[in-house]
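Engineer: Position 132 of the sequence shown, counted from 1, bears residue number 132 in UniProt numbering, the numbering being contiguous throughout.
Glycine is no exception: its CB is placed at the ideal position from the N, C-alpha and C atoms.
Please find one structure pasted underneath; my questions will follow.
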Amino acid sequence: MMIAAIAGRGRATAFDALADVYLSRLAVYTPVEAKTFRSEEAFLEAVAGGRTRTAPRVVLLDGRGKMLSSAEFAGFIGGQRDGGAQNLIFAVGPADGWSQVAVDSAGGRAGGLVLSLGAMTLPHELARVVLVEQVYRAFTILANHPYHGGH
């Protein structure tokens, strides 16, 4: 399964460096890449490759989304993997959030999910770090690696 973490990326920051650490760790478990798009429209166009079984599964981070524990999130990823998902795309939205069209599109897509990292507002650069760490944590949970350790 290919994992893609997508977010706006401006100038190189400490946030980017930390996200890169977790992307490198995640690459031990699954192919992974980080991409950026100039706009929500460009992102939606890129993932609109149909609603077939091989179409990418999309997870949008949005405050209106569903909150999951780390174990539940690992279960979601494991279910996608075991269900044959070839590409799982996680996308942190623009600073002003996703449009309702994007949220409806992800939520209605097979295997799609709108996910919230919690009730607090985070800068999107920090949300990307938290997202990538949680995806890494999910893979360690699925592999019974001690990283999670019940935290």
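(1) Ends of the alpha helix (DSSP H) at D82?
(2) Let me know the secondary structure DSSP gives R51 once reduced to three states.
(3) Measure the C-alpha to C-alpha separation of A4 and N144 and round it to an integer number of angstroms.
(4) Under three-state DSSP, which class holds F37?
(5) With C-beta atoms as the reference, is L115 less than 9 Å away from F73?
(6) Is the beta carbon of F139 less than 9 Å from the beta carbon of L26?
(7) Would you mind working out which of G149, M1, A34 sits nearest L131, comparing C-alpha positions?
(8) Roughly how many angstroms lie between the CA atoms of Q80 and M1, to the nearest whole one?
(9) Look up L88 in the DSSP assignment and give the residues it is bridged to.
(10) Cβ of G63 within 9 Å of Cβ of G97?
(11) Given E133, which residues of its chain have a CB within under 6 Å of its CB, disregarding the five upstream and five downstream residues?
(12) Alpha carbon to alpha carbon, how far is V28 from A19?
(13) According to DSSP, simplified to helix, strand and coil, what is D20?
(14) Look at V129 and A91 and say whether their C-beta atoms are less than 9 Å apart.
(15) How is the alpha helix (DSSP H) around V132 delimited, first residue to last?
(16) Considering only residues of the same chain and omitting the five flanking positions on each side of A46, which have a CB-CB separation below 7 Å?
Structural biologist: Once the coordinates are examined:
(1) As a working mapping, residue 82 is identified with position 82 in the sequence shown. Element bounds for D82: 70-82.
(2) Mapped onto the sequence shown, residue 51 falls at position 51. For R51, the predicted model reports a pLDDT of 49, less than 50, meaning its position is unreliable and no value from the coordinates is stated.
(3) The count along the sequence shown starts at 1 and reaches residue 4 at position 4. The count along the sequence shown starts at 1 and reaches residue 144 at position 144. Linking A4 to N144 through their CA atoms gives a straight-line distance of about 23 Å.
(4) Walking along the sequence shown from the start, residue 37 turns up at place 37. F37 sits in coil when the DSSP states are folded into three classes, being neither helix nor strand.
(5) On the sequence shown, position 115 is the one that residue 115 refers to. On the sequence shown, position 73 is the one that residue 73 refers to. Judged by beta-carbon spacing, F73 lies within the 9 Å limit of L115, meaning their Cβ atoms are closer than that value.
(6) Reading the sequence shown from its first residue, position 139 is the one you call residue 139. Reading the sequence shown from its first residue, position 26 is the one you call residue 26. A contact, by the Cβ cut-off of 9 Å.
(7) What you label residue 131 is simply residue 131 of the sequence shown in a count that begins at 1. Looking at the Cα atoms, A34 is the closest of the given residues.
(8) Locating residue 80 in the sequence shown gives position 80, where the first residue counts as 1. Locating residue 1 in the sequence shown gives position 1, where the first residue counts as 1. Per the coordinates, the alpha-carbon of Q80 lies some 9 Å from the alpha-carbon of M1.
(9) Along the sequence shown, read from residue 1 onward, the residue named residue 88 stands at position 88. Partner(s): I3, R57.
(10) One-based indexing of the sequence shown puts residue 63 at position 63. One-based indexing of the sequence shown puts residue 97 at position 97. Yes, they are a contact pair.
(11) If you number the sequence shown from 1, residue 133 lands on position 133. Within the same chain, and ignoring the five residues on either side of E133 in sequence, the residues whose Cβ sits closer than 6 Å to its Cβ are Y22.
(12) Here the question's residue 28 lines up with position 28 in the sequence shown. Here the question's residue 19 lines up with position 19 in the sequence shown. Note on geometry: alpha-carbon atoms of V28 and A19 lie some 15 Å from one another.
(13) For this step, residue 20 is matched to residue 20 along the sequence shown. Residue state, collapsed to three classes: helix.
(14) Here residue 129 refers to the residue found at position 129 when the sequence shown is read from its first residue. Here residue 91 refers to the residue found at position 91 when the sequence shown is read from its first residue. No, Cβ-Cβ distance for V129 and A91 is not below 9 Å.
(15) For the purposes of this step, residue 132 is taken as the residue at position 132 of the sequence shown. V132 -> alpha helix (DSSP H) spans 124-142.
(16) Position 46 of the sequence shown, counted from the start, is the residue given in the question as residue 46. F37, listed in sequence order.
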